[in-house]
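With my numbering applied, the sequence shown covers 25 to 633. Beta carbons: idealized from backbone N, C-alpha and C, even for Gly. Note that this is a predicted model, so its numbers are computed, not measured.
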Amino acid sequence: MLALIVALLVPPAPVLAQTPGRDDAAGFAACDDLTEDQVRGELNAIAQQIFAQGAPADLTAMVARQWALLDMDRVVDRAVADAVDQAQRSETMVNTALSGWSPARAEELTATVAELAFASEEFRAALDDLSAAVALDLEAQLGALSAESASLNLLCLQQFIARQYSSSVVTAFAENVRAGADDVAYTPGDEVDGGLAAVLQQHKPAIGGLGVIIAAQISRRLLVRMGRAISRRVAGRITGRLLGRVGTTVIPLAGWIIGGGLIVYDVIDSLDGALPQIETALQAPEVKLAIQEEIVRAVEPELRRELPQLARTLADDLYAEWLDFKRQYRQLLTLADADPDFAALLATTDDVSALAGLLDAAMTTLGADGVDAAVADGSFAQLAALPPSAAEILRNTGAVAPTLAWAEVAGSRLDAVVAAELYKVREPASLTPDMLDALLAMDDPVVAAKVGAVDDAALAGLLTVSSANLPRLAELLTTEQLAALGSLLAGLDTPRRQELVTAVLNNPAAADALDDNLRAVLLTSPDIPAALAFISTPADPASYAGDLLSVGRGDVPLRLFAAKYGWPVAGATVGVPLLLLISLIYTLVSVMVRPFVGVARLFGGRRKL
């Protein structure tokens, strides 16, 4: 995938012009006419051609450069000298002297010295360093090839997608792949491979300096994933293959130099026999060049075997990205294939991802037939012109009309409406612009939704509260308490509203008593805070006597007492004493009237007599 991201940042056209045998007209004409089944094969063909034309590089020059940088001549000289010293210590003086009289013995001794030299730990370690350096060079060249190949592959795929769907889908696909590079960090001063940097720098006017930095960092990750494994695997075989062939390549050369060019009188005059000539021969430039040539012969066939798989992997990665994109946008691409009207809409959209989200919401709520109808009558195009958040309203309301109505009411604030989820608790027609402004002015969407959930009358009352106090009330009270408070506030003048709000903020428990019965009392109460303080105390026997005394003193109206204890208790409280008083009055009157009744009866009896 990393190669694909590099391709997004490296414009493919300039690379195409530099690629032998594939120009804009002839090389990619077939990409316009590809079918879906042909795409993968064409991408692989492009990648294979790029790698075949660009590799292997000049391996001989690469090995020679690293050989010189690591001063391998000195390593060979030192290893041979140490081997000669070791041979001198292990051979007797006689055998050493005799070696000068026998070419066969000289060749045998040469083999011994060569084996000691080239199997030494020092030479092995140096050869490993050389292998690693060659691997880095290979890695860099493979990275540059991968960047060019991916660029051309992407160009072909873009042409196919643009013809099959639209340029907007091409852009969405590119952004989808580019998203994998969002977490890339680049540290200024990092060394970037020269070959890869050259590929990127030539496109700097198009992609900008930041694009070059990002592409360079992504390319290094690409090398880690794809090029590094191959280059290390190929170059890592150098040591084993080279040391395994010492007896068949390097030593015959050294033995021929010594065996064929040995001067007898030099040997006779030397107590060391042939060892000085052996040392000189094994340190000769021809031997060092033979080692380098063997390294090239070890690397080149292995590299040629690996490159087709690398090209195939790169092409398959790009095709896999396309398949993933198709799975992600399956509904959208399927509908575009089947419905020309939707395909036309897709061609004009700037945000394929948002259109796909809207389509998913529409399919869920409206069904396929509903979507077809909305596309046909143009209402789906209206939805597509809205911010992506409109999909949430459609998903919740299940219809196009309320979604468009919310868009008309909210205008540019539709995202804020969705964030506060006002569409879940209100109808758009119930909000005036001022109401919507007040709700959206709240910093907390949860608070806005809570306030917006009350009925219209209560909302009108709540929106008379200051912008500083309303969020505090919303945090302290439940939705039901807010509704009761709002209904009460709607019937009060401004000073009494402030008194009520202050009282509730100071004693939120008082909001529990804000029912319809109390509302009528508070509307006429001269002291709202005192009334709320009275109503919020417990309505229990312990408070009853004191509350009754307050009623008796005239501090609390009977209606407020009844609102707290209920009319049955209030009626009994007032009715029982009243009945007792009536009974007492009746008794007193009866006692007072009784003598007069008796006298009247007496006089009445006498008249009859």
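Assigned secondary structure, residue i (DSSP; H/G/I helix, E/B strand, else coil)
| i | result |
| --- | --- |
| Thr373 | coil |
| Gly515 | coil |
| Ala444 | helix |
| Arg450 | coil |
| Val489 | coil |
| Ala322 | helix |
| Asn531 | coil |
| Leu506 | helix |
| Ser436 | helix |
| Asp468 | coil |
| Val478 | coil |
| Ser192 | helix |
| Pro411 | coil |
| Asp95 | coil |
| Thr59 | coil |
| Leu612 | helix |
| Tyr353 | coil |
| Leu501 | coil |
| Gly422 | coil |
| Leu342 | helix |
| Leu327 | helix |
Environment of residue i [buried if 16+ CB atoms lie within 10 Å]
| i | result |
| --- | --- |
| Thr134 | buried |
| Ala85 | exposed |
| Leu347 | exposed |
| Pro364 | exposed |
| Gly510 | buried |
| Thr307 | One detail in the question is off: residue 307 reads as Gln in this sequence, not Thr. Buried: at least 16 other Cβ atoms inside 10 Å. |
| Ser170 | buried |
| Glu301 | Here residue 301 is Gln; the residue named in the question, Glu, does not match the sequence. Gln301 should be labelled buried. |
| Ser190 | buried |
| Arg521 | buried |
| Ala111 | buried |
| Gly485 | buried |
| Gly470 | Reading the sequence as shown, one finds Val at residue 470 and not Gly. With fewer than 16 Cβ atoms within 10 Å of its Cβ, Val470 is classed as exposed. |
| Leu327 | buried |
| Asp468 | exposed |
| Pro452 | buried |
| Asn68 | buried |
| Ala305 | buried |
Close beta carbons around residue i, own chain, < 6 angstroms, minus the five adjacent residues each side
| i | result |
| --- | --- |
| Met616 | none |
| Glu466 | It should be noted that the sequence gives Met, not Glu, for residue 466. If we look at Met466 and ignore the five residues flanking it on each side, its Cβ neighbours are Ala472, Pro495. |
| Val320 | Leu83, Thr84, Val87 |
| Ala150 | Val99 |
| Tyr353 | Ala380 |
| Asp480 | Ser454 |
| Ala462 | Leu487 |
| Ala157 | Gln90 |
Beta-carbon gap between residue i and residue j smaller than 9 angstroms
| i | j | result |
| --- | --- | --- |
| Leu166 | Leu94 | no |
| Ala107 | Ala141 | yes |
| Gly476 | Val449 | yes |
| Ala380 | Gln355 | yes |
| Ala103 | Gln316 | no |
| Glu19 | Gln188 | In the structure as shown, the chain begins at 25 and stops at 633. Residue 19 is therefore absent and cannot be evaluated. |
| Ser454 | Val424 | no |
| Ala508 | Ala535 | yes |
| Phe147 | Leu331 | no |
| Leu428 | Met459 | no |
| Thr503 | Lys474 | yes |
| Gln72 | Ala335 | yes |
| Asn200 | Ile70 | no |
Residue-level contact to chain C via CB, residue i, 9 angstroms cutoff
| i | result |
| --- | --- |
| Leu612 | The chain labelled as chain C is not found in the depicted structure, where only one protein chain is given. |
Contact set for residue i: own chain, Cβ-Cβ below 7 angstroms, skip 5 residues either direction
| i | result |
| --- | --- |
| Ile185 | Val193, Val194, Phe197 |
| Ala431 | Leu410, Ala414, Leu438 |
| Ala1 | Only positions 25 to 633 of the chain appear in the structure, and residue 1 is not among them; the question remains open. |
| Glu66 | Ala54, Cys55, Leu58, Cys180 |
| Ala408 | Leu369, Thr373, Leu379, Leu382 |
| Ser377 | Ala196 |
| Arg351 | none |
| Ala11 | With the chain covering 25 to 633 only, the question about residue 11 has no answer from this structure. |
| Trp91 | Leu154, Gln316 |
| Val442 | Ser413, Glu416, Ile417 |
| Thr136 | Ala111 |
| Leu101 | For the record, residue 101 in the displayed sequence is Asp; it is not Leu. Cβ within range, chain order: Gln307. |
Same chain, Cβ closer than 8 angstroms to residue i, five either side skipped, listed in chain order
| i | result |
| --- | --- |
| Arg64 | Ala339, Asp340, Tyr343 |
| Leu529 | Asn493, Arg496, Leu497, Leu500 |
| Ala400 | Asp365 |
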